[in-house]
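**Q** Numbered per the numbering used here, the sequence shown spans residues 7 to 627.
C-beta atoms are modelled at their ideal positions from N, C-alpha and C, and glycine is treated no differently.
Remember, predicted model here, so these are calculated numbers, not experimental data.
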Amino acid sequence: MCQGGRPEAASMASRRGPQPEQEAAGGGGGGGGAEATRRRPRGWRAVAFIIGVFAAAYFAGNAFSFSLTSYLIDRYNMKQNAATNVNNIFSGTFNFAPVVGAFVADAFWGRFRTLLFGTVVGVAAMAVITLSATVHELKPPTCSPMAQQAGTCVAPSTLQRAVLYLGMGLLVVSAGGMNPTSLPFGADQFDERKEQHKGGLARFYNWYYAAAMIATFLALTVVLYVQVNVSWGLGFAIPTAFMAVALVVFLVGTKVYVYVPSESIFSSVARVFVASCLKWRLPLPHPEDAQRQEELLYNPPAAVGNGRRVFKLPLTLQLSFLNKAAIVTDAAEEIRPDGSPARAWNLCNVQQVEEAKCLLKIIPVWISGTLWFTVVTELINYTFLQASTMDLHMGKHFTIPPASIVAVLYLSVALFVPIYDLLIARAAQRVTKAGHGITLLQRQGAGLVVGALAFVVAASVERRRRHSALAHGDGMSPLSVFLLAPQLAVMGVSGGFSMVGQTEFCNTQFPDQMRTLANAAIYCAQGVSSYLATLVVNIVNARTRQHGGSAGWVTDDINAGRIDYFYYAMAVLTGANFVYFLVCSHFYQYKGEQAADTPAGREPVTDSGSLSESDAALLKT
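The following block contains the structure:
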């Protein structure tokens with residue numbers, strides 16, 4: 007294996023003192039110090055205490071966000087446009103907050119401390135929001151429908167707005183702490199080197215989303231019904247109590263958790279780009295000249311600590327320009343006696359170079375995932391508008407809120423994930439003989455294909471709904487709202503493939519020290535998709551106005567527009583995204599995987615030596 011720019015330098019590097027990971031073991035992980043970092047991972051036994059936290063986060067976040075516009079209009083007497091603007095600002099901030107939380111977790115606090123902080127703040131946030139809905143002094147007087155039409159409703163006072171915005175701000179801070187850390191902290195509890203943990207991590211990603219989708223389904227059905235038909239205060243008190251119980255259960259499990267020390271590589275990635283630019287004139291050794299590469303490139307042994315798996319990434323030829331950052335021009339000047347680089351911004355090791363490549367290679371695939379979230383946002387938005395013009399009865403005497411029909415999508419994901427985990431993945435394993443049966447990229451690609459089919463179904467349903475609404479005369483369709491269930495169910499299957507696949511892809515393909523940021527990238531994609539969804543609608547309207555009529559396909563009056571044509575356009579967009587995704591997948595090389603033209607002899611290692619064949623295959627999949 008390639009050991010460094012000079013044999014003696016590599017030898018000295020292997021004998022140097024405590025590595026950064028080992029130094030951080032005393033408390034960087036945020037939980038229980040050195041003893042906690044040496045614990046044996048307990049797998050599902052530890053996850054049992056954690057699963058309630060992220061389920062509570064989804065439950066509380068969706069119970070508030072999905073009803074926020076209605077809450078502001080009904081209880082705070084805001085006008086529709088003002089309420090919508092507040093909701094948009096909150097949603098965008100809520101989805102981008104995990105990026106900040108991920109940086110704090112990876113660079114300073116560690117996942118446990120950041121997750122604990124977010125959970126405590128989340129309980130406080132929901133308590134404040136519940137008070138804003140129950141204490142009379144914290145909400146304006148109820149406004150009658152006639153006063154709403156006349157515009158004479160009493161506006162909320164400064165104090166009332168301050169309390170409401172305080173609760174919303176605390177909820178954003180909670181999202182920054184909980185959303186990027188709950189999944190990686192759960193993944194930390196598995197050790198794939200052990201027989202009983204093999205495959206456990208892949209199943210954990212599936213069941214994580216199953217629990218999250220069930221929580222979202224309950225928020226959109228039970229809680230939303232209580233908010234609209236019983237009491238806003240009780241509707242917010244239910245998720246508040248759920249979060250408080252989840253916090254207590256989470257704290258009970260502190261004695262069994264494994265705490266991985268925090269170690270940020272943001273500066274390391276920046277050094278790679280700087281060093282490669284400084285050495286842009288230097289030639290790289292020939293790919294087949296392994297001996298020359300050993301002599302020229304700085305590749306000391308990987309730092310090992312905490313008894314956990316540490317992957318030493320092999321040198322690859324993709325984005326080979328960055329390999330220049332590891333070129334040793336003068337070992338005496340660039341490498342210290344202890345084996346560390348004398349000037350960190352001038353010389354990087356192969357591990358740092360490959361970690362920087364991981365980030366760059368993920369970006370094209372992440373863009374495809376963002377486009378998938380965009381079309382899902384379009385389907386949810388206009389399914390809600392469709393539902394508002396349909397028969398909302400469930401039986402003779404029971405009606406559901408229009409937004410509750412969207413719960414079918416989340417229920418579909420929750421039901422499909424166990425089917426995928428127990429049937430589809432295992433059947434694929436028997437056919438392909440691969441560790442996961444279906445690779446992560448194949449899973450995402452399947453989700454795009456199914457997503458396109460969902461829009462075809464939606465278009466056919468919309469044509470039927472629009473025809474019945476226009477024939478009825480008053481703009482309301484006598485058709486049952488549950489006619490919209492098939493399009494949501496099909497999109498839920500798409501989510502079971504694509505959304506879960508994206509999550510596992512980011513968490514396994516990001517550098518090991520940046521798993522928290524990997525999870526934040528998913529939320530960031532959802533935040534970007536909210537803005538892209540608006541942009542797509544504006545583009546579609548601009549183009550359709552030019553080619554006939556003045557209204558365009560997407561109008562305020564859903565019956566005057568052509569949402570069915572818009573759905574067909576989204577199917578085409580998803581198809582184009584699939585073609586783009588195929589190109590990205592063709593050129594993508596999984597982390598730790600060597601291409602056929604990459605020099606042999608550089609394998610990922612653990613703290614106990616070389617990987618077994620089964621572990622290497624698991625890493626590649």
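In this structure, how does DSSP classify Leu302 when only helix, strand and coil are distinguished?
**A** Three-state result, Leu302: helix.
**Q** What residues in its chain sit with their C-beta under 6 Å from that of Leu288, if we drop five residues either side in the sequence?
**A** The answer, listed in chain order, is Lys330 and Ile333.
**Q** Per DSSP, which residues does Pro104 bridge with? Please list them.
**A** Answer is none; Pro104 lacks a bridge partner.
**Q** What is the DSSP secondary structure of Ser536, reduced to helix, strand or coil?
**A** Helix.
**Q** Val310 by DSSP, collapsed to three states: which one?
**A** Low confidence applies to Val310: its pLDDT is 49, below 50, so where it sits in the model is not reliable, and the reading given next is rough at best. Reduced to three states, the DSSP call for Val310 is coil.
**Q** Asn547 to Met497, Cα distance in whole Å?
**A** Using only the alpha carbons, I get a separation of about 24 Å.
**Q** Would you check if there are 3 or more beta carbon pairs closer than 8 Å linking the region 292-299 to the region 335-355?
**A** No, because fewer than three Cβ pairs between the region 292-299 and the region 335-355 fall closer than 8 Å, the two stretches do not touch.
**Q** Would you give the residue range spanned by the alpha helix (DSSP H) that Arg472 belongs to?
**A** Leu446 to His478 is the extent of the alpha helix (DSSP H) around Arg472.
**Q** Would you be able to state if there are at least three C-beta pairs under 8 Å between the region 94-111 and the region 179-191?
**A** Short answer: they touch.
**Q** Quick check on this structure: which residue in Phe196, Glu384, Arg521 and Ser76 has the alpha carbon closest to the alpha carbon of Leu365?
**A** Of the candidates Phe196, Glu384, Arg521 and Ser76, the one whose C-alpha sits nearest the C-alpha of Leu365 is Arg521.
**Q** Hey, Ala495 and Asn513 are a contact pair by Cβ (cut 8 Å); roughly how many whole angstroms apart?
**A** Wrong, their Cβ atoms sit about 27 Å apart, outside the cutoff.
**Q** Quick check on Pro347: does DSSP put it in helix, strand or coil?
**A** Of the three classes helix, strand and coil, the one that applies to Pro347 here is strand, per DSSP.
**Q** Determine the closest residue to Ala526 out of Asp112, Gly58 and Ala89, with distance taken between C-alpha atoms.
**A** Among Asp112, Gly58 and Ala89, the Cα nearest to that of Ala526 is on Asp112.
**Q** Under the assumption that Thr260 contacts Met132 (Cβ atoms under 8 Å), give the Cβ distance between them as a whole number of angstroms.
**A** In fact, because the Cβ distance is near 23 Å, the residues do not count as touching under 8 Å.
**Q** Assign Ser163 to one of two classes, buried (16 or more other C-beta atoms within 10 Å of its C-beta) or exposed (fewer than that).
**A** Ser163 comes out exposed.
**Q** Which residues mark the beginning and the end of the alpha helix (DSSP H) in which Val234 is found?
**A** First-last of the alpha helix (DSSP H) with Val234: Leu230 to Asn235.
**Q** So what does Ser326 bridge to, in DSSP terms?
**A** DSSP lists no partner for Ser326.
**Q** Residues in its own chain within less than 6 Å of Gln358 by CB, not counting five upstream and five downstream?
**A** Closer than 6 Å at the Cβ level, and outside the excluded window around Gln358, lie Ser274 and Val278.
**Q** In chain order, what residues of the same chain lie with their CB nearer than 7 Å to the CB of Ile220, ignoring the 5 residues before and after it?
**A** If we look at Ile220 and ignore the five residues flanking it on each side, its Cβ neighbours are Ala420.
**Q** Quick check: what's the CA-CA separation for Gly67 versus Ala531?
**A** Each residue's alpha carbon lies about 17 Å from the other.
**Q** Verify whether the separation of the beta carbon atoms of Val583 and Ser374 is less than 8 Å.
**A** Checking the displayed sequence, the identity of residue 583 turns out to be Asn instead of Val. Yes.
**Q** Start and end of the alpha helix (DSSP H) containing Glu361?
**A** From DSSP, the alpha helix (DSSP H) with Glu361 extends over Val356 to Ala393.
**Q** Which of the three DSSP states is assigned to Ser418 in this structure?
**A** Helix.
**Q** Whose C-alpha, out of Thr125, Leu207 and Pro146, is nearest the C-alpha of Met249?
**A** Selected option, being the one with the closest Cα: Thr125.
**Q** Taking the alpha helix (DSSP H) that Val129 belongs to, which residues open and close that run?
**A** Where Val129 is concerned, the enclosing alpha helix (DSSP H) stretches over Arg117 to Thr140.
**Q** Using the C-alpha atoms, what's the distance from Ala276 back to Arg470?
**A** So the two alpha carbons sit approximately 55 Å from each other.
**Q** Out of curiosity, what's the CA-to-CA distance linking Met576 and Gln493?
**A** Met576 and Gln493: Cα-Cα distance of roughly 13 Å.
**Q** Which residues share a DSSP beta bridge with Ser486?
**A** For Ser486, which the question treats as bridged, DSSP gives the partners Asp397.
**Q** How would you call Tyr211, buried or exposed, if buried means at least 16 neighbouring beta carbons within 10 angstroms?
**A** With 16 or more Cβ atoms within 10 Å of its Cβ, Tyr211 is classed as buried.
**Q** Rounded to the nearest angstrom, how far is the Cβ of Asp397 from that of Val467, given a contact under 8 Å?
**A** Actually they are not in contact, since the Cβ atoms of Asp397 and Val467 sit about 14 Å apart, beyond 8 Å.
**Q** When you compare only the Cα positions, how much space is there between Cys159 and Met84?
**A** Approximately 9 Å, taken between the alpha carbons.
**Q** Quick one: residues in its chain with C-beta nearer than 7 Å to the C-beta of Thr227, no 5 flanking neighbours on either side, listed in chain order?
**A** Excluding positions up to five away in sequence, the list reads Ser410 and Ala413.
**Q** I want to know whether the region 450-458 touches the region 498-517 - three or more CB-CB distances under 8 Å.
**A** Contact between the region 450-458 and the region 498-517 is present, because at least three Cβ pairs lie under 8 Å.
**Q** Around the Cβ of Met174, are there at least 16 other Cβ atoms within 10 angstroms (buried) or fewer (exposed)?
**A** The residue is buried, with at least 16 neighbouring Cβ atoms inside 10 Å.
**Q** To the nearest angstrom, how far is it from the Cα of Leu325 to the Cα of Ala477?
**A** Each residue's Cα considered, the two are about 60 Å apart.
**Q** What does the alpha-carbon distance come out to for the pair Arg117 and Tyr594?
**A** Cα to Cα, the separation comes out at about 29 Å.
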